[in-house]
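Listed below in structure tokens is the structure:
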């Protein structure tokens with residue numbers, strides 16, 4: 043009789059605990075269909091980048107070095123960037139581009155950085171002919187343009203402001219992307235940051251998605267042009 047009484051006495055508590063367990067289970071797993079991606083190793087990152095064709099513009103003689111630096115940069119710093127070539131500011135992967143946005147904005151800047159980008163177009167088997175860089179300036183405004191493959195593009199046209207470098211940076215990337223689209227390339231240049239040590243990088247949509255899922259989403263990593271413009275007030 044005592045045992046029966048004890049069982050009856052404990053049943054409400056057991057039922058409550060069961061409900062709590064179910065509730066806790068729901069809290070711990072609010073979306074059972076969502077699978078959290080596990081952090082990859084540096085070796086796995088490089089292997090996946092290779093599968094996605096990231097290294098297909100890298101010279102064979104530099105491939106091992108580029109992969110090793112990408113692996114170390116991810117493992118040690120969670121950073122997406124490879125090595126430069128010697129004492130130059132040219133990246134070995136032929137995808138990353140360095141740019142001083144102040145120089146880009148000024149007279150001769152477009153030609154200077156188009157010369158730098160042209161080898162990447164050649165690696166893709168695409169044309170990048172440029173000529174007729176023009177500039178017009180008065181006391182308060184500036185117009186800067188150039189022809190790419192026979193089409194005139196404007197790098198800047200307006201009054202001077204604190205956003206000048208950023209506007210020139212955006213327009214430069216967008217004119218390059220327009221030429222990539224005209225030649226049916228799925229590759230596009232994506233902005234990273236502007237300034238005297240600006241960067242942008244050539245990626246496919248799948249490569250960008252992989253980078254965004256496995257690296258920090260910050261101003262040191264590539265993003266879409268719309269996101270970059272919104273973040274920088276342009």
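Residue numbers (the working numbering): 43 to 276. The C-beta atom is built at its ideal place from N, Cα and C for all residues, glycine as well. As the structure is a prediction and not an experimental result, all values here were calculated from the model.
On a Cα-Cα basis, can you pick out the residue from the options that is closest to residue i?
| i | options | result |
| --- | --- | --- |
| residue 12 | 94, 207, 241 and 177 | Since the displayed the chain opens at 43 and closes at 276, residue 12 lies outside it and no answer follows. |
| residue 85 | 179, 116 and 103 | 116 |
| residue 21 | 243, 108, 238 and 210 | Residue numbering for the chain in the displayed model covers 43 to 276; residue 21 lies beyond these limits and cannot be assessed. |
| residue 271 | 257, 206 and 249 | 206 |
| residue 192 | 118, 217, 105 and 129 | 217 |
| residue 138 | 128, 144, 153 and 122 | 122 |
| residue 181 | 168, 196 and 202 | 202 |
| residue 147 | 130, 219, 97 and 215 | 215 |
| residue 101 | 164, 118 and 142 | 164 |
| residue 276 | 113, 196, 261 and 204 | 204 |
Taking the continuous alpha helix (DSSP H) assigned at residue i, which residues delimit it?
| i | result |
| --- | --- |
| residue 195 | That residue, residue 195, is in no alpha helix (DSSP H); its beta strand (DSSP E) goes 193 to 201. |
| residue 215 | 206 to 224 |
Along the chain, where does the beta strand (DSSP E) that runs through residue i open and close?
| i | result |
| --- | --- |
| residue 174 | 172 to 179 |
| residue 185 | 183 to 190 |
| residue 241 | 240 to 245 |
| residue 96 | Segment: none, residue 96 is in no beta strand (DSSP E) and carries neither H nor E. |
| residue 139 | 138 to 141 |
In angstroms, rounded to a whole number, what distance separates the CA positions of residue i and residue j?
| i | j | result |
| --- | --- | --- |
| residue 310 | residue 273 | Residue 310 is absent from the model: the chain starts at 43 and stops at 276. |
| residue 162 | residue 120 | 26 Å |
| residue 198 | residue 83 | 43 Å |
| residue 149 | residue 175 | 8 Å |
| residue 245 | residue 132 | 17 Å |
| residue 96 | residue 249 | 7 Å |
| residue 63 | residue 80 | Here residue 63 scores only 44 on pLDDT, less than 50, and its place in the model should not be relied on; the value that follows carries that caveat. Between residue 63 and residue 80, the C-alpha separation is close to 26 Å. |
| residue 173 | residue 118 | 43 Å |
| residue 239 | residue 141 | 6 Å |
| residue 124 | residue 170 | 24 Å |
| residue 261 | residue 269 | 11 Å |
Looking at residue i: is its Cβ nearer than 9 Å to the Cβ of residue j?
| i | j | result |
| --- | --- | --- |
| residue 110 | residue 151 | no |
| residue 200 | residue 183 | yes |
| residue 166 | residue 103 | no |
| residue 153 | residue 134 | no |
| residue 156 | residue 190 | yes |
| residue 252 | residue 94 | yes |
| residue 256 | residue 264 | no |
Specify whether the stretch 201 to 220 and the stretch 231 to 238 touch according to this definition: at least 3 beta carbon pairs, one from each stretch, less than 8 Å apart. Touching, per the Cβ criterion.
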